[in-house]
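**Q** First the structure, which I've put down as structure tokens, then a few questions once you've had a look.
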Amino acid sequence: MKIKALTANEAMAEAMRQINPDVVAAYPITPATEIVQHFASFVADGLVTTEFVPVESEHSAMSACIGAAAAGARVMTSTASQGLALMHEVLYIAAALRLPIVICEINRALSAPINIHCDHSDTFGARDSGWIQIYSEDSQEAYDSVIQAVKIAEEAFLPVMVTADGFILSHAMQRIEVLEDEEVKEFLGEPKTPYTVLDTDNPITVGPLDLQDYFFEHKRQEAEAMRLAPPIIEKVGKEFGERFGRYYGLVDPYRLEDAEVAVVVMGSTAGTAKEVVDKLREEGKPAGLLRMRVLRPLPLKEIVENLRDKKVIGVMDRAEGMSGFGGPLYTEIRSGLYDVPSHPPLYNYIYGLGGRDIKPEEIEEIFKELFDAAAGKEIPLVNYKGVRE
Amino acid sequence: MPFDLKELSKEKDLFAPGHRACAGCGPAIVMRQIMAVAGKDTVVGFATGCMEVVSTIFPYTAWRVPYIHVAFENAAAVISGVEAAYKALKRKGKINKKINFIAIAGDGGTYDIGIQALSGALERGHNFLYVCYDNQAYMNTGIQRSGATPLGAHTTTSPAGDVIPGKVQWRKDLTEIVAAHGIPYAAQASPSHWNDLMEKVKKALETEGPAFINVLAPCPVGWYFSPERTIKIAKLAVDTLFWPLYEVENGKHRITYKPRKPKPVEEWLKEQGRFRHLFQEKNRWIIEEFQRQVNERWERLLRLEEASL
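As you go down the protein sequences, you meet chains W and Y in turn. Counting from 1 along the first sequence, just add 474 to a position and that's the residue number in our numbering. Counting from 1 along the second sequence, just add 5 to a position and that's the residue number in our numbering.
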């Protein structure tokens with residue numbers, strides 16, 4: 475193990491170097507560009523044996539990844555925002571062809587207006603594409619999760635995107651514990667891919683036309699793979715913890731057990747919110763936090779177990795779902811708690827769009843409003859924090 | 006060395022019979038001709054389109070070689086990935102044999118929606134062959150105009166109406182666009198001249214780096230002709246100089262077949278229902294313009310050939 479000062483971009487690129495994938499097909503986009511740059515340097519310096527395909531667009535990046543994975547290669551790429559949106563069509567195909575591709579995704583707002591800073595609207599846009607989604611609280615987790623993602627993808631035969639918040643993590647230096655190359659190699663083992671189009675003695679047809687009499691069965695199987703993914707993610711997180719000392723699960727509860735009021739967050743905001751929880755606890759207020767590390771598959775059991783007995787819940791969304799009724803995480807958590815008898819009231823806080831900072835004081839305000847609600851005060855269901863109205 | 010039909014007929018078709026192409030389908034003939042040369046150690050990457058739809062209706066497949074279809078616009082990108090994986094795995098000693106990589110798409114998937122992915126793959130220099138079966142419109146979705154549709158042609162999105170007489174634009178010269186990438190081999194072929202086509206496929210597959218062949222693939226349904234006339238119409242396209250057979254090898258143009266006595270383009274046009282309206286008196290000027298364009302392009306090609314000597 476080595477200690478290094480790295481940004482999330484550098485940490486994810488370092489993980490990619492250690493994974494040494496067979497093929498990387500990628501296209502630059504702010505704020506994920508550095509990942510491709512660093513990786514290109516690794517290739518140029520002979521530090522990896524990867525075949526690097528510097529494609530002409532993100533659509534082609536994912537298309538080439540699909541081709542390479544279908545040829546039995548271990549395959550990775552990186553992107554953000556508009557890039558992920560441009561991949562949208564082929565994301566579904568990667569998942570449905572059950573190809574274990576890994577994306578290092580840096581969260582950035584979607585146009586318009588054009589903006590290069592963090593929010594989660596890009597990966598929320600890919601929520602239903604059949605990809606496992608893992609969100610990172612910090613760069614250490616981004617690094618650790620990228621390594622785990624390869625193993626998860628190759629066990630679930632589903633593609634995985636690991637995300638880190640744009641600029642907040644992608645460009646901020648952090649102390650990172652980096653594993654030895656050998657440790658990563660040993661942890662991952664040889665690539666496991668579901669089939670190969672390179673076996674010309676046993677030709678297969680990949681991506682056939684699938685009509686009314688088979689399509690449904692195939693989608694049903696894909697859905698089943700997603701349903702079976704949580705134990706795989708947990709197993710890999712546990713194994714990673716046992717080997718390297720950092721354990722990961724589907725969700726990350728913080729001072730939640732005896733909390734009366736809880737917020738649900740994703741990404742780097744969790745770090746700030748945990749500080750606020752500590753402060754409130756010092757003041758004797760029973761505050762807690764649930765960080766969603768995995769959004770797809772939706773950890774329904776964990777949502778229920780962790781939140782069922784809370785008095786009031788606030789869901790913080792760094793995305794606007796344009797549903798007319800709150801952000802996308804809000805509707806997910808709200809739906810997750812539906813089966814809990816007398817489920818707690820849930821309030822939504824949409825914040826931080828386009829990289830707008832979220833300050834500890836603002837999170838404190840959110841908690842204050844939630845405690846007020848717990849005391850019987852009426853507050854709106856959907857709220858915007860930190861916006862000029 | 007010309008191909009021997011008798012010998013070829015003994016080989017098992019790698020594009021198997023039983024697929025669901027229409028009677029007289031030009032592209033289906035092209036598939037057989039390509040695969041007869043390519044042989045079994047070939048991976049085919051397909052764009053969405055007629056040939057994809059008719060050949061792989063699950064749980065059936067007409068492909069006796071590995072085949073991958075992902076989407077419409079990305080055949081070149083997908084085959085780039087397959088070829089990259091092959092290189093990586095070969096380097097690691099996981100695979101040894103020589104494999105051909107062929108991307109196949111129609112004119113919609115090549116001239117229009119797929120041109121970016123094609124251009125990128127050519128520029129990156131992957132070792133692959135891209136075949137465009139050019140049937141001059143979006144036939145799979147029901148005969149809509151494409152960048153390959155010729156002047157005056159009736160399609161369902163360039164209909165011959167009372168005011169507008171079919172497609173009002175000339176077509177893209179995709180073969181030249183591709184050749185302008187400076188790739189080692191680009192060619193135009195027609196299934197009517199099967200030996201020429203197969204020689205080109207052979208040459209393309211032996212080429213190190215990207216190769217491209219644009220094959221005219223008449224469509225009885227979209228061009229409105231009787232299915233037994235497919236090859237005749239392909240031949241007329243060559244003999245009227247509408248579809249010159251030529252190749253561009255390392256930047257040098259060579260016309261591989263020069264009709265001794267070129268026919269007026271009208272003879273090709275009149276065989277097809279999509280041009281029927283051009284023979285009305287008020288539209289005759291389009292035929293003249295068509296002929297002018299064909300002449301001009303042929304002259305240009307002759308000059309390019311001469312400059313290559």
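Beta carbons are placed, not taken as given, at the ideal position from N, Cα and C, and that holds for glycine.
Helix, strand or coil: how does DSSP classify W:M536 here?
**A** Three-state result, W:M536: helix.
**Q** Extract the residue ranges of the beta strand (DSSP E) inside the segment 794-856 of chain W, only unbroken runs of 3 or more that lie entirely within it.
**A** Correct list: 820-825.
**Q** Going by the beta-carbon positions, is the gap between Y:F63 and W:Y566 smaller than 8 Å?
**A** Not closer than 8 Å, so no.
**Q** With DSSP as the reference, please indicate the residues paired to Y:T160 in a beta bridge.
**A** Y:T160 is bridged to Y:S163.
**Q** Taking beta-carbon pairs under 9 Å, can you tell me which members of the segment 510-525 of chain W lie near chain Y?
**A** So the close ones are T523, T524 and E525.
**Q** Against chain W, which members of the segment 283-311 of chain Y pass a CB distance test of less than 9 Å?
**A** Answer in chain order: no residues at all.
**Q** Who are the near neighbours of Y:Y143 in its chain, counting only those whose CB is closer than 6 Å to its CB and skipping five residues on each side?
**A** Taken in chain order, the residues that qualify are G113, Q149 and S151.
**Q** Between W:G546 and Y:I73, is the Cβ-Cβ spacing less than 8 Å?
**A** Not a contact, by the Cβ cut-off of 8 Å.
**Q** For Y:G125, decide whether its Cβ has a neighbour in chain W, counting only Cβ atoms nearer than 8 Å.
**A** It does; some Cβ of chain W falls within 8 Å.
**Q** Who are the near neighbours of Y:G187 in its chain, counting only those whose CB is closer than 8 Å to its CB and skipping five residues on each side?
**A** G256, listed in sequence order.
**Q** Just to confirm before moving on: does the CB-CB distance between Y:A81 and Y:Y135 stay below 8 Å?
**A** Cβ atoms of Y:A81 and Y:Y135: closer than 8 Å.
**Q** Between Y:I104 and chain W, is any beta-carbon pair separated by less than 8 Å?
**A** Output row for Y:I104: interface = yes.
**Q** Is DSSP giving Y:V42 helix, strand or coil here?
**A** Reduced to three states, the DSSP call for Y:V42 is helix.
**Q** Sort out for me which residues DSSP pairs Y:D139 with in a bridge.
**A** Y:D139 is bridged to Y:L221.
**Q** Grouping DSSP H, G and I as helix and E and B as strand, with all else coil, what is Y:K17?
**A** In the structure shown, Y:K17 sits in coil (DSSP, three-state: anything other than H, G, I, E or B).
**Q** Taking W:R792 as the reference, which of W:R765, W:G810 and W:P771 has the closest Cα?
**A** When each option's Cα is compared against that of W:R792, the closest is W:R765.
**Q** In the DSSP assignment, the alpha helix (DSSP H) including W:I493 goes from what residue to what residue?
**A** Its alpha helix (DSSP H) spans residues A482 to I493.
**Q** If we define contact as Cβ-Cβ less than 8 Å, is Y:T47 a contact residue for chain W?
**A** With 8 Å as the cut-off, Y:T47 counts as an interface residue toward chain W.
**Q** Closest by CA to Y:F247, which one among Y:N300, Y:K95, Y:E78 and Y:G125?
**A** The shortest C-alpha separation from Y:F247 is found at Y:N300.
**Q** Going along the chain, which residues of the segment 81-103 of chain Y sit with their C-beta nearer than 9 Å to a C-beta in chain W?
**A** Those residues of the segment 81-103 of chain Y that come within reach of chain W (Cβ to Cβ, closer than 9 Å) are A81, A82, V83, I84, S85, G86, V87, E88, A89, A90, Y91, K92, A93, L94, R96, K97, K99, I100 and K102.
**Q** Are there 16 or more other CB atoms within 10 angstroms of the CB of Y:K11, so buried, or fewer, so exposed?
**A** Classification for Y:K11: exposed.
**Q** Shorter than 8 Å from the beta carbon of Y:V206 to some beta carbon of chain W?
**A** Chain W, which has no Cβ nearer than 8 Å to the Cβ of Y:V206, makes this no.
**Q** So if I threshold CB-CB distances at 8 Å, which residues from the segment 539-569 of chain W count as touching chain Y?
**A** Those residues of the segment 539-569 of chain W that come within reach of chain Y (Cβ to Cβ, closer than 8 Å) are C539, I540, G541, A542, A543, A544, A545, G546, A547, V549, E563, V564 and I567.
**Q** Go ahead and pull the three-state DSSP assignment for Y:E78.
**A** Three-state result, Y:E78: coil.
**Q** Is there a Cβ from chain W that is less than 8 Å from the Cβ of Y:G23?
**A** With 8 Å as the cut-off, Y:G23 does not count as an interface residue toward chain W.
**Q** Between the C-alpha atoms of W:Q648 and W:L558, what's the straight-line distance to the nearest angstrom?
**A** Cα to Cα, W:Q648 sits roughly 26 Å from W:L558.
**Q** Classify Y:T161 as buried or exposed, calling it buried when 16 or more other Cβ atoms lie within 10 Å of its own Cβ.
**A** Counting Cβ neighbours within 10 Å, Y:T161 comes out exposed, since fewer than 16 surround it.
**Q** Flag this pair as touching only if the segment 695-710 of chain W and the segment 771-782 of chain W have three or more C-beta atom pairs under 8 Å; answer yes or no.
**A** Yes: at least three Cβ pairs fall under 8 Å.
**Q** Cβ of W:G715 less than 8 Å from any chain Y Cβ?
**A** Chain Y contact via Cβ: absent.
**Q** Would you list, in chain order, the members of the segment 649-682 of chain W that have their beta-carbon closer than 9 Å to a beta-carbon of chain Y?
**A** Within the segment 649-682 of chain W, the qualifying residues are T670, V671, L672, D673, T674, D675, N676, P677, I678, T679, V680, G681 and P682.
**Q** With a threshold of 8 Å between beta carbons, is Y:V70 in contact with chain W?
**A** So yes, Y:V70 belongs to the interface.
**Q** Taking Cβ positions only, does W:D684 come closer than 8 Å to chain Y?
**A** Yes, because at least one Cβ of chain Y sits closer than 8 Å to the Cβ of W:D684.
**Q** Can you check whether the C-beta of Y:P64 is within less than 8 Å of a C-beta belonging to chain W?
**A** Chain W contact via Cβ: present.
**Q** Please look up how many angstroms separate the CB atoms of Y:R176 and Y:T154, rounded, as I've assumed it's under 8 Å.
**A** Y:R176 to Y:T154, Cβ: 6 Å. Contact.
**Q** So if I threshold CB-CB distances at 8 Å, which residues from the segment 487-507 of chain W count as touching chain Y?
**A** Within the segment 487-507 of chain W, the qualifying residues are D496, V497 and A499.
**Q** Who are W:E651's beta bridge partners in DSSP?
**A** Answer is W:I477.
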